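Chains as they are written, first to last, in our numbering: chain A, 45 to 248; chain B, -12 to 191. Note that beta-carbon positions come from the ideal geometry of N, C-alpha and C, so glycine has one too. All figures in this text were calculated on a predicted structure; none of them were measured in a lab. Down below is the structure, laid out as structure tokens.
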Amino acid sequence: MESVFGLVGKDFAIVAADSSAVHSILVHKTNEDKIMLLDSHKLMGASGETGDRAQFTEYIQKNVALYQFRNGIPLTTAAAANFTRGELATALRKNPYMVNIIMAGHDKDVGPSLYFIDYIASLHKLDKAAFGYGSYFALSMMDRHYRKDMTVEEAIDLVDKVIMEIRSRLVVAPPNFVIKIVDKDGAREYAWRESIKDAPVPAV
Amino acid sequence: MSIFEYNGSALVAMVGKNCFAIASDRRLGVQLQTIATDFQKIYKIHEKLFIGLSGLATDAQTLYQRLVFRHKLYQLREERDMKPETFASLVSAILYEKRFGPYFCQPVIAGLGDEDKPFICTMDSIGAKELAKDFVVAGTASESLYGACESMFKPDMDAEELFETISQALLSSVDRDCLSGWGGHVYVVTPTEVTERILKGRMD
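Shown next, in the form of structure tokens:
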């Protein structure tokens, strides 16, 4: 089952997710990127039903871009999170998206923020959040080691501790993880933590 | 597992002498896992009207947004705030609209009506209003709350004593319920001021 987790640091927020795409007992690929860049200063890590995840996150990404085209200014993280919640809530009683989301962003006035959005559209602003079976380990490790205003090094150290716990204690543990960071300079990929490398696809 | 017990909540409102108090717990959970310990369940509609929403968090958030929308429209048209009795009828109507696909919420409404007379009421998830002269309760801890309030309540308490009573009733009840707790949030409202206090109880 997919693990996504995230935390807020001094002037940045980090989201990490496992990168295995699984179908029943088969692992399709181990380098699937589940953290989407919504715009220059927003990240959205998602876990859940594969098709719903890909479609819904892309839908949100395009709508965030549309807002910026129409209005000339980007959405704030809070606004993007509330928009996402609204879409999930509207679809909930018609055709629910089975996607759990951790949205992280950096705004000039507010600084870094992290939003937990359940698949049934419960929204809450948090300093640390996690989804999936890995959340049992992630939340406990973060409860123990997290402090407010951590530096990037300290936060990545905590993320690595969490990944180590998930790898060692979860029975069907995902081998690879991707870590992305968002701060005043923007949202970007920070690192991969790989213990299995996919064979590269030969160029045709 | 009932859908009303998915997130966990405890709400209570009490009437005093020319004042009322409304209190909630602070836990947001996903079944057995605690997600947050600072989740807001009591919302201000206007200076003398508060609504607490227990039950499924996503529906509480959706319902709150719809109610704020309706109240703001009312304010624009009528150029005044809604009376608590009127607001309670509005909530009841909105809930009954969804009679065959309801919001999984149980609201607790508390306000100061004409001549600052305290008003409290609760309703079930399809809008059956229950007016009371002394106290109303809702949430996963409601059975404990009924017992605690029945024994601790006396009529015509002043604001200080009312705060003590409602706090003790809330904390002792949530300590017997695993799905609610992690502190308390108490609003005591008199005709002249609103006091908001956070309680520290057993943090489990």
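Asked	Found
Val181/B: contacting residues in chain A (beta-carbon distance under 9 Å)	Result: empty, since nearest Cβ-Cβ is about 23 Å, beyond 9 Å.
Cβ distance (whole Å) where Ala47/B is taken to contact Cys92/B below 8 Å	5 Å
C-beta neighbour in chain B for Leu170/A, strict 8 Å	yes
Where the stretch 66 to 86 of chain B meets chain E: residues whose CB sits under 7 Å from a CB there	In the displayed structure, chain E is absent; the protein chains listed are A and B.
Host alpha helix (DSSP H) of Thr109/B (start-end)	No alpha helix (DSSP H) contains Thr109/B, which is instead part of the beta strand (DSSP E) from 105 to 110.
For Ser212/A, the first and last residue of its enclosing alpha helix (DSSP H)	196 to 213
Environment of Ile134/A [buried if 16+ CB atoms lie within 10 Å]	The sequence as given places Thr at residue 134/A; Ile does not occur at that position. Thr134/A comes out exposed.
Ordered list of beta strand (DSSP E) runs contained in the stretch 113 to 174 of chain B, each at least 3 residues	116 to 119, 122 to 126
Chain A contact residues for Asn5/B, given Cβ-Cβ distances below 7 Å	Those do not exist, as Asn5/B stays about 35 Å from chain A at its closest Cβ, beyond 7 Å.
Coarse secondary structure for Gly92/A, derived from DSSP in three states	strand
CB contact check: Ile145/A to chain B, cutoff 8 Å	no
Beta carbon proximity, Leu158/A to chain B, threshold 8 Å	no
Buried or exposed (CB count within 10 angstroms, at least 16 for buried), Trp236/A	exposed
Cβ-based burial, Asp193/A [other Cβ within 10 Å; buried from 16]	exposed
Minimum C-alpha distance to Ser84/A - residue among Phe113/A, Leu183/A, His150/A	His150/A
Cβ contact check for the stretch 134 to 143 of chain A and the stretch 169 to 187 of chain A: 3 or more pairs under 8 Å	no
Buried or exposed (CB count within 10 angstroms, at least 16 for buried), Ser11/B	buried
Cβ-Cβ distance between Ile38/B and Leu54/B below 8 Å	yes
Contact check, Leu158/B vs Gly188/B, beta carbons under 8 Å	yes
Near-chain A residues of the stretch 4 to 36 of chain B (beta-carbon distance less than 8 Å), N- to C-terminal order	Leu15, Val17, Gln20, Ile22, Ala23, Phe26
Neighbour flag for Gln93/B against chain A, beta carbons, 8 Å	no
Beta-carbon proximity of Leu51/A to Leu167/A, cut-off 8 Å	no
With 16 other Cβ atoms within 10 Å as the buried cut-off, status of Ala115/B	exposed
Boundaries (first-last residue) of the alpha helix (DSSP H) holding Asn126/A	121 to 136
Members of the stretch 71 to 97 of chain A near chain B, C-beta cut-off 8 Å	none
is_contact[Ser179/A, chain B] using C-beta, thresh 8 Å	yes
Which residues DSSP lists as bridging Ala60/A, in chain order	Phe49/A, Ile223/A
The stretch 67 to 82 of chain B / the stretch 91 to 109 of chain B touching (three or more Cβ pairs under 8 Å)	yes
Outcome for Glu130/B when other beta-carbon atoms lying within 10 angstroms are tallied against a minimum of 16	exposed
Whether Ala(-3)/B touches Ile107/B by CB criterion (8 Å)	no
Cβ-based neighbour list, Asp25/B, same chain, cut-off 7 Å, excluding 5 preceding and 5 following	Arg13
Rounded C-alpha distance that separates Leu50/B from Arg57/B	11 Å
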